[in-house]
Amino acid sequence: MSDSKEQRLQVANTILMQLGGRRFSMMTGAKQFVAIERGLLFALPARLAKQGINKVRIELEANDTYTVTALKVNARRGDVIEVQCESMVYCDQLEATFERMTGVYTRL
Numbered sequence: 000m001s002d003s004k005e006q007r008l009q010v011a012n013t014i015l016m017q018l019g020g021r022r023f024s025m026m027t028g029a030k031q032f033v034a035i036e037r038g039l040l041f042a043l044p045a046r047l048a049k050q051g052i053n054k055v056r057i058e059l060e061a062n063d064t065y066t067v068t069a070l071k072v073n074a075r076r077g078d079v080i081e082v083q084c085e086s087m088v089y090c091d092q093l094e095a096t097f098e099r100m101t102g103v104y105t106r107l
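Going by numbering that gives the first Met the number 0, the sequence shown opens with residue 0, and the numbers climb by one from there.
The structure is reproduced here in structure tokens:
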């Protein structure tokens with residue numbers, strides 16, 4: 000069963016707040032935030048993150064943990080490469096997991 004639009008937005012906003020909210024988007028340059036069925040998808044500026052990561056997907060799991068997936072997307076060729084994926088990430092570990100995966104700091 001799919002979630003309603005309001006539920007998707009609530010989950011996505013909660014994830015963004017757990018990452019640091021506006022501070023997170025300012026520090027990382029993250030943009031194009033999209034509420035997906037169980038989480039949040041966003042883009043990073045080109046050539047900012049290590050290993051060419053330019054998209055990050057964070058999904059809420061049934062056990063109240065997150066799966067964080069770092070992607071390298073090439074729209075011209077239609078390629079989507081999963082660079083790294085970590086599951087069983089708790090909300091207080093989201094920032095550190097993002098920093099470890101991308102090499103991009105979320106605070107000064």
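Backbone N, C-alpha and C define an ideal beta-carbon position, used for all residues, glycine too.
Span separating the alpha-carbon of residue i from that of residue j
i: L93; j: R75; result: 30 Å
i: R37; j: Q9; result: 10 Å
i: G20; j: K30; result: 12 Å
i: E81; j: Q17; result: 23 Å
i: N62; j: M25; result: 30 Å
i: L107; j: Q50; result: 22 Å
Rounded distance between the beta-carbons of residue j and residue i, thought under 8 Å
i: G79; j: A69; result: As written in the sequence, residue 79 is Val, which differs from the Gly given in the question. Not quite, the Cβ-Cβ distance comes to about 12 Å (not below 8 Å), so this is no contact.
i: I57; j: Y65; result: 5 Å
i: L47; j: G28; result: 6 Å
i: E85; j: V103; result: No, E85 and V103 are not in contact; Cβ-Cβ is about 15 Å, not under 8 Å.
Residues near residue i in its chain [Cβ-Cβ closer than 7 Å; skip 5 each side]
i: P44; result: G28
i: L59; result: V10, R37, G38 and Y65
Spatial neighbours of residue i in its chain, beta-carbon cut-off 6 Å, leaving aside the 5 residues before and after
i: R22; result: none
i: R7; result: A34
Next item on the list: Go through the region 16-44 residue by residue and report every complete run of the alpha helix (DSSP H) that reaches 4 residues or more, in order.
Entry: When DSSP assignments are scanned along the region 16-44, the uninterrupted stretches of alpha helix (DSSP H) that are 4 or more residues long and fall wholly within it turn out to be 21-27.
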